[in-house]
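**Student:** In my numbering, the protein residues as written are 30 to 1009.
Using N, Cα and C, we set each Cβ at its ideal position, and we do this for glycine too.
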Amino acid sequence: MKKGDHLFLVDGSAYIFRAYHALPPLTRKSDGLPVGAVSGFCNMLWKLVEESRDTSVGVAPTHFAVIFDHSSTTFRNELYDQYKANRTAPPEDLVPQFAVIREAVRAFDLPCIEKQGYEADDLIATYTKQAIAAGGDVTIVSSDKDLMQLVGPGVILYDQMKDKRLGPEEVKEKFGVYPEKMIDLQALVGDTSDNVPGVPGIGPKTAAQLLDDYGDLETLLERAEEIKQAKRRENLIAFAEQARLSKRLVTLDCDMPLDTPLDDLFLNEPDGEKLIAFLKAMEFTTLTRRVAATLAVSASDVETAKIDVDAPVRGPDLDPAAASRPAAVGAGEDGAPRLALVPAMLVESRKGEAAAASFDHSAYLTIRDEAALRDFLAEATETGILAFDTETDALSAMNGKLVGVSFAVSPGRAAYVPLGHVSPNGEADLLSDKSVEEEIGPQIPLETALAVLKPVLEDPAILKVGQNTKYDYLVMLRHGIVVAPFDDTMLISYALDASASLSGHGMDELSERFLGHKPISFKDLCGSGRNARPIAACEIERVTHYAAEDADVTLRLWRVLTPRLAAEGLASVYERLEKPLMPVLARMEERGIMVDRQILSRLSGRFAQKQGGLEAEIAELAGEEFNPGSPKQLGEILFGKLGLPGGKKTKGGQWSTDVKVLEELAAEGHPLPSKIVEWRQLTKLKGTYTDTLPNHMDQRGRIHTSYSMASTTTGRLSSSEPNLQNIPVRTEEGRAIRTAFVAPEGKKLVSADYSQIELRILAHIADIPQLKQAFVEGLDIHAMTASEMFGVPVEGMPSDVRRRAKAINFGIIYGISAFGLANQLAIPREEAGLYIRRYFERFPGIRDYMDATKAFAKQHGYVETLFGRRVHYPDIKSPNASMRAFNERAAINAPIQGTAADVIRRAMIRMEGALDEAGLAAKMLLQVHDELIFEVPDDEVEATLPLVAKIMAEAPLPRVNLSVPLVVDAKAADNWEAAH
DNA sequence: GTGGTCTCCTA
DNA sequence: GTAGGAGACCACA
């Protein structure tokens, strides 16, 4: 080794674990030997070898070694017997792969280094030191922070997965200190995965700051007395020895004896035949092909190597008969039409068909040219059915770029059309002279594909079937295609099986439930966390398996689920309440709502200032620095250190510190709890709203939420990323956030909301004469209730009496319990029980309704809204009393909440058409359960308000004619706060 | 990094 | 007492 030489040291053990976790469990096809980690390892190593052959980069290695840990006990265990004591044994299916991976390294003709009693890190440290001494450079291929201490002149760390090279500046950026202080930093912080203790309460941020202030660990420990923060000071003093021990544990040994001298690590030209023989034996076809191409060796000429593996695990045999086994009764093409005359028969036959289904990934097509695409889509013209699914590079349909589309025309007949795939090697490939096409194969140009797809996706004679179609609809909408007509398996499932106990209506879940098949998960394809990579950079063959399978599964689900709609009388729910709402919501999401960034940032500033003041006061009152955001620490301060009374415990056995508890303490005259309450409120508003909302804004200053149509049991929508259905309104400070929701120049925001819709629906369903009368007369319903219950005249009623009645009214809707009402009103449970009894005496119809609903739910297993939406409560017959009671309350609430949800859905579905017909340009932007927000041109506000109110008020008609009026308040203003 | 717990925002 | 989503913290890998 001499000046100018370059040593690559691969942290092999870390590599193995990354490869293992990055890839789905894979087995060798012929004998079931687990080879997932081997495969990942070989791919990574090959990429590295390939990169290093590229001399143009100027970092090509002259020396190369792969370093492994040899055993679990090292000299560090003599220093500290707990070192790495919390490590668990490697996964069972990984163990047999260790030996194979060493074989792999030898097949690559690379030195494979390990030594008893030392960790790979020590070997790496020693080789690094020697190489630098000899005048060479070193690249350590790893991202382990334990190795950061080695970074310095001539030494960098290379994170291959992220394609990142770390020098001293990058280490500083990541950890706040330069590499030479990494050891001290690690000694302070400790390492949970290696069981290095460190100093309690010191994290990376604090450690970096301390080292910055005091220079090094020893100085810091000697001068610990000077530290202001009490807890920090105490810990540094108490745990000084522990820090010194930690330092010795994390310090790498760079002078260990080496069995293989540095100069023997000279890099050889890989022996193509040896490598290919090994890869063939492993049955890594793709990598074999790639290696063969690069090294110019014909893979078919090379004989497969004999790999000795002890006791390969044999997987279950595929049943070759399964595919040809006759489908269940009635599923045959001959029998089906006859049986299908009755919906229930069709349901049965389709169930049989689904149960007999088998999936063959290798049968899926990858379509790479226009002609093939046209041919495939022509099959849909024949059948009239086309399942389709889009793959994009982002989770949200509003941001995602189209990467590919997949189709299925009949069970098992599916294809994937890659459109926006890129090289799996990312930027590294810019340096090679191979074009993307040469590397990953041809793709149809996006515009060409869209031109072919448009007439099909818009063809009224072809039913497009999707799963969560709002996503695909939006993606295509952004490419100028309006998908129609369509069916949505998620929405069908939701209409059929909305249930409190079933978890959801996602495709994977439905597939397992109805097809008995677990599809390839997105994680399997693209990995997760740090190993995640964009789908566009995944191997197209694998994406085909994944994406075409999704379309195939969707089509099969559609075949099983659709007949049930008619058979179970739920077609109208699906056709009238679900399907037509999807495009409406898609358009609302696409529009987004305009937000004033300045207002939010001003609020953030104001909140931050108050927050800072409060933090100082809190520390003062507590007598020490602590994190007021940690309920655990707060509980210890309040009830432990300060010894305040009235502590309650939560489920987790900790002190409860919610607002109620804190307010009780405040009422007793303690100053700290009220400061905490105030701090929490500000932190919440700042952290959840004013700081976060700007991150969701697009270039035009608009926020696009995403509505989920199938994630509540009752039929309500939910909103996420961001959730715009929980923007504060209760407090003045919170309401200020709503002033940031604005309309652009020349327009106003209109908010229209139903007044007391759930109580009105309750009055109608339970048929309560007094309530109905009060609504007809337009009285104050809570005051009326109070008057009935407590005999207090409405005129001059004390606000507290009305407040109680209001709480009871809400309680009824929620399936009242004495416990809950007592909690809400902060009164004894006996008193709450008394109120409830009196309520039932005054309004006996309510009790009848509740009893009847419970009985219905027990008998049928579900309850229904006025529009026929069903919500299932299988657990209402649970032997567990509290679970039963919970289901009873939910069953009482669901028809009320669900009917209200149905009503506003109907209004939304009709709204666009009505506005259109009236020649109004108002655009619906948001829904918040009983409120709709519109953007309206200034000069149309006057005409829009009454129309919107009318559509909303008349939404139940003609299907349901409520015996109470629905009242809608509509208002226009410059921002949401003023319009509400 | 992931998942659970706690807290808090809405109708 | 109903129905949601989300951020922060913390223990576990």
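Look at the alpha carbon of Phe93 and the alpha carbon of Thr323, and state the distance between them as a whole number of angstroms.
**Tutor:** If you take the alpha carbons of Phe93 and Thr323, they lie about 20 Å apart.
**Student:** Figure out for me which residue from Ile841, Thr814, Ile845 has the closest Cα to the Cα of Val830.
**Tutor:** Nearest of Ile841, Thr814, Ile845 to Val830, Cα basis: Thr814.
**Student:** Roughly how many whole angstroms lie between the Cα atoms of Gln496 and Val582?
**Tutor:** Those two C-alpha atoms are separated by around 9 Å.
**Student:** Please list, in chain order, all residues of the same chain as Val511 whose beta carbon is under 7 Å from its beta carbon, the five residues on each side excluded.
**Tutor:** Excluding positions up to five away in sequence, the list reads Glu487.
**Student:** Considering Cα atoms alone, identify which of Ala325, Met519, Val129 is closest to Lys335.
**Tutor:** Comparing Cα positions, the closest option is Val129.
**Student:** Consult DSSP for Thr477 and reduce its assignment to one of helix, strand or coil.
**Tutor:** Thr477 falls in the helix class under three-state DSSP.
**Student:** Okay, do the stretch 870-888 and the stretch 793-803 touch, 3+ Cβ pairs below 8 Å being the bar?
**Tutor:** As far as the Cβ criterion goes, the stretch 870-888 touches the stretch 793-803, which means the pair count is three or higher.
**Student:** Identify which residue in Asp537, Val823, Pro873, Ile925 has its Cα closest to the Cα of Phe839.
**Tutor:** Considering only alpha carbons, the answer is Ile925.
**Student:** Using a Cβ-Cβ cutoff of less than 8 Å, which residues in the same chain neighbour Ala914 once the five nearest sequence positions on both sides are dropped?
**Tutor:** Result list for Ala914: Ser846, in chain order.
**Student:** Which residue spans inside the stretch 645-678 form an unbroken alpha helix (DSSP H) run of at least 4?
**Tutor:** You should have 660-664.
**Student:** Whole angstroms is fine: what's the gap from Val434's alpha carbon to Ala444's?
**Tutor:** Their backbone Cα atoms lie some 9 Å apart in a straight line.
**Student:** Within 10 angstroms of its Cβ, does Val900 collect 16 or more other Cβ (buried), or is it exposed?
**Tutor:** By the neighbour-count rule (16 or more Cβ atoms within 10 Å), Val900 is buried.
**Student:** Under the DSSP definition of a beta bridge, which residues are partnered with Thr419?
**Tutor:** According to DSSP, Thr419 bridges with Val434.
**Student:** Report the residue ranges of all alpha helix (DSSP H) runs contained in full by the stretch 719-799; include only those spanning at least 4 residues, in chain order.
**Tutor:** Qualifying alpha helix (DSSP H) stretches, in chain order: 761-764, 786-795.
**Student:** Counting only the same chain and skipping the five closest in sequence on each side, list residues whose C-beta sits under 7 Å from that of Ile549.
**Tutor:** Hits under 7 Å: His574, Tyr575, Glu578.
**Student:** Return yes when the Cβ of Gln683 is within less than 9 Å of the Cβ of Lys713, no when it is not.
**Tutor:** No, these two residues do not count as a Cβ contact at 9 Å.
**Student:** By Cβ distance below 6 Å, which residues in the same chain neighbour Thr412 in space, the five residues on each side in sequence not counted?
**Tutor:** Val438.
**Student:** Let's see if you can read the secondary structure: which residues bound the alpha helix (DSSP H) around Phe93?
**Tutor:** Unbroken run through Phe93 is the beta strand (DSSP E), 92-96; no alpha helix (DSSP H).
**Student:** Please return the same chain residues whose Cβ sits closer than 6 Å to the Cβ of Leu479, not counting the five positions on each side in sequence.
**Tutor:** If we look at Leu479 and ignore the five residues flanking it on each side, its Cβ neighbours are His508.
**Student:** Would Glu619 and Leu525 be called neighbours here (beta carbons separated by less than 9 Å)?
**Tutor:** Cβ distance not < 9 Å, so Glu619 and Leu525 don't count as in contact.
**Student:** Would you mind sorting Phe848 into buried or exposed? The rule is 16 or more other CB atoms within 10 Å of its CB.
**Tutor:** So Phe848 ends up on the exposed side.
**Student:** Starting from the C-beta of Ala310, find all residues in its chain whose C-beta is less than 8 Å away, skip the five residues before and the five after it, and write them out in chain order.
**Tutor:** The answer, listed in chain order, is Thr333, Ala334, Lys335, Ile336.
**Student:** At which residue ranges does the stretch 926-1003 contain complete alpha helix (DSSP H) runs of 4 or more residues, listed in the order of the chain?
**Tutor:** Counting only runs of 4 or more, we get 970-982.
**Student:** What do you get for Val805, buried or exposed, if any count of 16 or more other CB atoms within 10 angstroms of its CB means buried?
**Tutor:** Counting Cβ neighbours within 10 Å, Val805 comes out exposed, since fewer than 16 surround it.
**Student:** Verify whether the separation of the beta carbon atoms of Tyr156 and Val170 is less than 9 Å.
**Tutor:** It is not a contact, given that the beta carbons lie outside the stated cut-off.
**Student:** Kindly identify the DSSP beta-bridge partner or partners of His450.
**Tutor:** According to DSSP, His450 bridges with nothing at all.
**Student:** Express the C-alpha separation of Asp173 and Ala357 in angstroms, rounding to a whole number.
**Tutor:** Any reading at Ala357 must be qualified, since the residue scores a pLDDT of 32, below 50, and its modelled position is unreliable; no value is offered.
**Student:** Please classify Lys144: is it buried, with 16 or more other beta-carbons within 10 angstroms of its beta-carbon, or exposed?
**Tutor:** With 16 or more Cβ atoms within 10 Å of its Cβ, Lys144 is classed as buried.
**Student:** Using a threshold of 9 Å, state whether the C-beta atoms of Leu52 and Gly65 are closer than that.
**Tutor:** Yes, Cβ-Cβ distance for Leu52 and Gly65 is below 9 Å.
**Student:** So within the stretch 107-186, which uninterrupted alpha helix (DSSP H) runs reach at least 4 residues, ignoring any that extend past its ends?
**Tutor:** Whole alpha helix (DSSP H) segments, 4+ residues: 124-136, 149-162.
**Student:** Along the chain, where does the alpha helix (DSSP H) that runs through Arg858 open and close?
**Tutor:** Segment 858-871, the alpha helix (DSSP H) holding Arg858.
**Student:** Under three-state DSSP, which class holds His534?
**Tutor:** Looking at His534 - three-state DSSP - the assignment turns out to be coil, as it is neither helix nor strand.
**Student:** Is it true that the CB of Glu148 sits closer than 9 Å to the CB of Asp98?
**Tutor:** It is a contact, given that the beta carbons lie within the stated cut-off.
**Student:** Could you check what DSSP says for Ala881 in three-state terms: helix, strand or coil?
**Tutor:** Helix, per DSSP.
**Student:** Do Leu584 and Pro751 have their C-beta atoms within less than 9 Å of each other?
**Tutor:** Contact: no.
**Student:** Spatial neighbours of Ala89 within its chain, please: CB distance less than 6 Å, with the 5 preceding and 5 following residues excluded, ordered by chain position.
**Tutor:** The residues are Ser81.
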